[in-house]
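In our numbering, the protein residues as written are 2 to 127.
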């Protein structure tokens with residue numbers, strides 16, 4: 002009778018341990034997904050600013066049908082979610098958001114948005 006009870010206790014401890022590990026994994030996955038969504042949202046907002054610049058005439062401080070000269074506004078370069086970089090050409094802007102949350106050992110969350118005059122596309126890098 003003692004061995005059977007000991008076996009049940011050990012089995013119970015294993016099940017509880019596995020349940021805790023699965024819970025931690027799910028919580029971490031949800032935290033990463035939430036941070037990725039926040040960065041994507043900020044990238045879409047920056048893309049809207051770039052398109053506004055593109056459409057605004059040069060006489061009003063815009064690009065006059067060109068993205069050349071657009072920069073990420075200084076207060077938005079670094080946010081609570083991460084940092085943002087832009088690669089600007091005359092016909093498109095590629096904005097990369099690098100999050101504070103580390104996905105694997107060394108890789109941070111990274112999302113890239115390409116902005117055109119009439120469209121925006123987003124790709125998840127990490």
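Where a beta carbon is used, it is the ideal one built from N, C-alpha and C, also for glycine.
As assigned by DSSP and simplified to three states, the class of residue 93: coil
Alpha-carbon to alpha-carbon, residue 49 and residue 138: Since the displayed the chain opens at 2 and closes at 127, residue 138 lies outside it and no answer follows.
C-alpha distance - residue 57 paired with residue 64, whole-angstrom precision: 6 Å
8 Å contact criterion, which residue 100 and residue 82 should meet: CB distance rounded: 6 Å
Enclosing alpha helix (DSSP H) for residue 41 [first to last residue]: 3 to 56
Identity of the residues DSSP links to residue 113 by a beta bridge: 97 and 124
Residue nearest to residue 123 in terms of C-alpha spacing, selected from 4, 22, 47 and 78: 47
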